[in-house]
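Data first, discussion second: the structure below is written as C-alpha cells.
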C-alpha cells in the first residue's frame with residue numbers, strides 16, 4: 144500500500160513459471176503424479192535445469208498451480224500474475240498416456256485470468272504471441288540461426304483498454 148501511494152502506476156508482481164517443478168519441493172512430495180514421464184519411463188527433462196522435473200499439464204496440476212498463484216498473489220498484494228508459460232507446447236506424458244492439448248492449456252490461462260479479474264488483478268503471459276486470455280503479452284524469440292544464446296527479442300503487447308480501466312489507477 145505504501146509503494147502504491149508513492150508510485151500510483153506501479154504494478155507489483157513476481158516471476159513464476161509452471162513448466163517445471165522443483166525436485167525438492169512440497170509439490171513433488173505431496174503430488175508425485177504431477178511429474179510428466181518421458182518415453183524412457185523417467186521424469187521428463189526440465190526446461191529450467193537439473194534441479195527440476197517437468198510438470199504434466201493435467202487438469203489437477205493446472206488447478207493446483209492456479210490455487211497457488213492466487214494464494215501468493217493475495218498474500219503479497221500483487222497487482223498482476225506474470226507467468227512464463229509456453230502455451231501450445233506439445234507435452235506428452237508417457238506415464239499416463241495423456242497429451243496436453245492447446246485447448247487444455249488455454250483453459251488454464253482463461254481460468255487463471257478470470258480468477259485474477261475477480262480480484263482486480265491482471266494476467267501477464269510470457270508465451271507465444273496472440274494469446275487470447277492475457278491482459279499483457281510478452282514473447283521471447285531467438286535472433287539468428289542459433290538459440291537464445293545469440294540474443295533475444297522481446298515483444299510486449301500493452302494491456303487492453305478494458306484491463307487499464309479495470310486497474311483504475313493506470314493513466315489513459
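Numbering (the working numbering), first residue to last: 144 to 315. The C-beta atom is built at its ideal place from N, Cα and C for all residues, glycine as well.
What whole-angstrom Cβ distance do residue i and residue j have, given they're in contact under 8 Å?
i: residue 88; j: residue 281; result: Outside the shown range of the chain, which is 144 to 315, sits residue 88, and nothing can be said about it.
i: residue 236; j: residue 162; result: Incorrect: roughly 13 Å between the Cβ atoms, too far for contact.
Kindly indicate which three-state DSSP category residue i falls into: helix, strand or coil?
i: residue 208; result: helix
i: residue 160; result: strand
i: residue 255; result: helix
i: residue 227; result: strand
i: residue 153; result: coil
i: residue 234; result: strand
i: residue 187; result: coil
i: residue 265; result: strand
i: residue 246; result: helix
i: residue 280; result: strand
i: residue 200; result: coil
i: residue 174; result: coil
Does the beta-carbon distance from residue i to residue j come in below 8 Å?
i: residue 233; j: residue 196; result: no
i: residue 248; j: residue 273; result: no
i: residue 256; j: residue 266; result: yes
i: residue 226; j: residue 160; result: yes
i: residue 252; j: residue 276; result: yes
Within the same chain, show all residues whose beta-carbon is closer than 8 Å to that of residue i, passing over the 5 residues directly before and after it, in chain order.
i: residue 177; result: 164, 170, 171, 198, 199, 201, 203, 204 and 207
i: residue 271; result: 229, 230, 231 and 282
i: residue 290; result: With a pLDDT of 45 at residue 290, under the threshold of 50, the modelled position of this residue cannot be trusted, and the question is left open.
i: residue 166; result: 194, 195 and 196
i: residue 184; result: 237 and 238
Note down, in chain order, each residue of its chain lying with its Cβ closer than 6 Å to the Cβ of residue i, except the 5 sequence neighbours on either side.
i: residue 213; result: 258
i: residue 187; result: 179, 181 and 197
i: residue 156; result: 221, 223 and 225
i: residue 242; result: 235
For residue i, I'd like the list of residues in its chain whose CB is within less than 7 Å of its CB, leaving aside the five on either flank, ordered along the chain.
i: residue 154; result: 222 and 223
i: residue 147; result: 153
Q) Quick check: the segment 178-195 against the segment 210-223, are there 3 or more CB pairs under 8 Å? A) Between the segment 178-195 and the segment 210-223 there are fewer than three C-beta pairs closer than 8 Å, too few to call the two in contact.
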